[in-house]
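Here's the structure, in structure tokens; my notes come after.
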Amino acid sequence: MIERSTPCTHVGHGVRVALDWDYHRLAHDADLTIRKLTAPYPRAGALYVHLLADPHVLTLWDLTGYMAVEKCGLNDHGQMHAQIVAANALQFLSLLMAGGVEPDVAKSGAGSGEDAATVVLAAALLHDVGNLVARDDHQVYSVMLAERVLARRLADLSFNPAQAQILNGFILSAIASHDCTPTPVTLEGAIVAVADAADMTRGRGQVAFDRGQADIHAVSAMAIREVTIRAGVETPVHIEVVMDNPAGLFQVEKLLAYKLIHAGLERYVSLQARVVPPSGESDGAFHCLVLHQGRLHPEGLARPAAERWPLDPVCGMATAPEHSVGSVHFEGIRYFFCSDACLARFRADPSRYTPDMSAQTDDGEVVGAQTETRNPAAMD
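Residue numbers (this note's numbering): 6 to 385.
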């Protein structure tokens, strides 16, 4: 058994990467979560087993971890990170579907909930392998390397060639957008992006910090003790981040909250960041922050739950005016858009998207009438 004080190597296939013991334990917990959540989905479970037994994939993970941790002084991006992100992603997908949110694989007619789980799992496990080539544009390299793996592994799962290619496309799209550049265009892609950001506990960056990486990213990560994903009250999913001190807020705001907003999942996912010092005594600066309509607020000071956002008339997404990519005033109504693509589609044919939509803000300006409150679980 590896002692807590001893740097450990996860599996190891020719390249040794020293990682923190707590992170190693977290990866093993993630493995159990993946196996539990894929139990109802035989093909997704089989894909996971195949990838863990594939020498090619294991080598990709190990070399990715080596390049990130040992050569670049970054947090882990190898197998442990891949498993933790995959566990996060499957939890998100399960809770969202339980809340009535339909994944794009099913919505498009391309497959079932099991196929959506296969997409999310594969994208999460392979999203970062491009780091072994270079950190810059690693998403592009990840797509290139993952495509070779998927060509073999999807065929092993008895998909017909057409469906295998369709699911391959969904997986590669999610991998390409996991950093929100470009913005995810599918629910599966948004899930992978946020699941990636949710792997932010101190264990992931412990080795880099111990070796002298002490910038704001490292210091902030070291403050984060635990990230919990569970069913929400007003939303299908709730994320709780527990920090030892307020430094962790940088990671929460610049990474997790950023991806929730830009991936379009904020309407489905509530976020709470709490400071709980090891001593149990708060310094009084703030105790708890919550994400509400694009901003972090002290708990209890967020805008009223009844306040509503206008819906993007093209895709139906609740879109805060201050975070929209633009607006169009058409026939006395102002419409706000979540993405450039929706804005372009509306401008090309406004009448297609504007039947029976009218509402008025408090200041008298007319906006898109279909609006959404803080309970998006009833949507879709």
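A virtual CB, placed ideally from N, CA and C, is assigned to each residue, including glycine.
Restricting to Cα atoms, I'd like to know which of Val134, Gly50 and Ser182 is closest to Leu63. The residue among Val134, Gly50 and Ser182 with its C-alpha nearest the C-alpha of Leu63 is Val134.
Which value, in whole angstroms, describes the spacing of the CA atoms of Arg308 and Leu276? Per-residue confidence for Arg308 stands at a pLDDT of 45, beneath the threshold of 50, marking its modelled position as unreliable; the derived number appears in the next sentence. When rounded, the distance between both Cα atoms is 15 Å.
Thr233 burial status per 10 Å Cβ neighbour count (16 or more: buried): Burial state of Thr233 is exposed, judged by a 10 Å Cβ sphere holding fewer than 16 other Cβ atoms.
Contact belief for Leu155 with Asn173 at Cβ below 8 Å, rounded distance in angstroms: Between Leu155 and Asn173 a beta carbon distance of about 5 Å is seen, short of the 8 Å cut, so the two are scored as contacting.
Pick from Gly78, Arg235, His86 and Phe164 that is closest to Arg5, judged by C-alpha positions: With the chain running from 6 to 385 in the structure shown, residue 5 is simply not present.
In chain order, what residues of the same chain have a beta carbon less than 7 Å from the beta carbon of Asp204, not counting five sequence neighbours either side? If we look at Asp204 and ignore the five residues flanking it on each side, its Cβ neighbours are His86, Ile89, Val90 and Asn93.
Pair every Cβ in the region 187 to 205 with every Cβ in the region 102 to 115, then say whether three or more of these pairs are closer than 8 Å. As far as the Cβ criterion goes, the region 187 to 205 touches the region 102 to 115, which means the pair count is three or higher.
Close Cβ partners of Asn165 (< 6 Å) along its chain, the five nearest in sequence each way excluded: Excluding sequence neighbours, Asn165 sits near nothing in its chain.
According to DSSP, residues forming a beta bridge with Tyr340: The partner list for Tyr340 (beta bridge, DSSP) reads Val333.
Of the residues Pro60, Gly78 and His82, which one's Cα is nearest the Cα of Thr69? Ranking the options by Cα distance to Thr69, first place goes to His82.
Evaluate Gln84 with the Cβ neighbour count: other Cβ atoms within 10 Å of its Cβ, from every protein chain shown; 16 or more gives buried, anything less gives exposed. By the neighbour-count criterion, in which a residue is buried when 16 or more other Cβ atoms sit within 10 angstroms of its Cβ, Gln84 is buried.
The region 351 to 358 / the region 263 to 277 touching (three or more Cβ pairs under 8 Å): The region 351 to 358 makes no contact with the region 263 to 277: fewer than 3 CB pairs, one atom from each, lie closer than 8 Å.
Using the beta-carbon count (16 or more within 10 Å), is Ala103 buried or exposed? The residue is exposed, with fewer than 16 neighbouring Cβ atoms inside 10 Å.
Kindly confirm or deny that the region 118 to 134 and the region 238 to 245 touch, where touching means at least three C-beta pairs closer than 8 Å. Contact between the region 118 to 134 and the region 238 to 245 is not established, with fewer than three Cβ pairs separated by less than 8 Å.
Is the Cβ-Cβ distance between Tyr263 and Leu101 less than 8 Å? Pairing Tyr263 with Leu101 gives a Cβ-Cβ distance that is not under 8 Å.
Collapsed DSSP secondary structure at Ala364 in the structure displayed: In this predicted model, Ala364 has a pLDDT of only 40, less than 50, meaning its place in the structure is not dependable; the value taken from the coordinates is given anyway. Here Ala364 sits in strand by DSSP.
Output the boundary residues of the alpha helix (DSSP H) element that contains His61. Here the alpha helix (DSSP H) through His61 covers Pro60 to Gly70.
With a threshold of 16 other CB atoms inside 10 Å of the CB of Ala48, please say whether the residue is buried or exposed. The amino acid occupying residue 48 in the given sequence is Arg; Ala does not appear at that position. Here Arg48 is buried, its C-beta having at least 16 other C-beta atoms within 10 Å.
Are the CB atoms of Ser329 and Cys320 within a distance shorter than 8 Å? Not in contact: Cys320 and Ser329 (Cβ atoms no closer than 8 Å).
Please state whether DSSP places Ala310 in a helix, a strand or coil. Low local confidence applies: a pLDDT of 44 at Ala310 is under 50, so the model's placement there is unreliable, and no value is given.
By alpha-carbon positions, which one of Leu254, Ala346 and Arg157 ends up nearest to Pro318? The residue with the shortest Cα to Cα distance from Pro318 is Ala346.
Ignoring anything shorter than 4 residues or poking outside the region 227 to 252, list the alpha helix (DSSP H) runs there in chain order. You should have found no qualifying run.
Looking at the structure shown, is Cys293 part of a helix, part of a strand, or coil, going by DSSP? Strand at Cys293.
Looking at Asp201 and Arg230, is the spacing between their C-beta atoms short of 8 Å? For the 8 Å CB-CB criterion, Arg230 and Asp201 do not form a contact.
Burial state of Ala4 (16 or more Cβ within 10 Å): No answer is possible for residue 4: the residues shown for the chain start at 6 and end at 385.
Assign Ala383 to buried or exposed, taking buried as 16 or more other Cβ atoms, counted over all protein chains shown, within 10 Å of its Cβ. Its pLDDT being 33, under 50, Ala383 is placed unreliably by the model, and the measurement read from it follows with that caveat. Classification of Ala383: exposed, given that the 10 Å Cβ count is below 16.
Among all the DSSP beta bridges, which residues are the ones paired with Leu316? Ala323, per the DSSP bridge assignment.
Excluding the five sequence neighbours on either side, which residues of its own chain have a C-beta within less than 7 Å of the C-beta of Gln256, listed in chain order? For Gln256, where only same-chain residues beyond five positions count, the Cβ hits under 7 Å are Met205, Ser225, Ala226 and Ile229.
Please report the Cβ distance between Phe341 and Pro326, rounded to the nearest whole angstrom; I am assuming they are in contact, meaning their Cβ atoms lie under 8 Å. The pair is a contact, with the Cβ atoms about 5 Å apart (cut-off 8 Å).
Please specify which runs of the alpha helix (DSSP H), each continuous and at least 4 residues long, are wholly inside the region 92 to 116, giving them in chain order. Taking only runs of at least 4 residues, the alpha helix (DSSP H) segments lying wholly in the region 92 to 116 are 109 to 112.
What first and last residue would you give for the alpha helix (DSSP H) that runs through Tyr278? The residue asked about is misnamed: residue 278 is Ala in this sequence, not Tyr. Element bounds for Ala278: not the alpha helix (DSSP H) but the beta strand (DSSP E), Val274 to Val280.
Does His132 pass the burial test, meaning 16 or more other C-beta atoms within 10 Å, or should it be called exposed? Buried, because 16 or more other Cβ atoms sit within 10 Å of the Cβ of His132.
Please confirm whether Ile196 and Leu98 have their CB atoms less than 8 Å apart. Yes; because the gap between Cβ atoms is below 8 Å, this pair is in contact.
Closest residue to Leu152 among Ala35, Phe335, Val199 and Ala179 (Cα-Cα distance): Note on residue identity: the sequence assigns Glu, not Leu, to residue 152. Checking every option, the nearest Cα to that of Glu152 belongs to Ala179.
Unbroken alpha helix (DSSP H) run spanning Glu119, endpoints: Segment Gly118 to Leu131, the alpha helix (DSSP H) holding Glu119.
Note down, in chain order, each residue of its chain lying with its Cβ closer than 8 Å to the Cβ of Ile39, except the 5 sequence neighbours on either side. Only Tyr53, Gln88, Ala91, Ala92, Leu95 and Leu126 meet the Cβ criterion.
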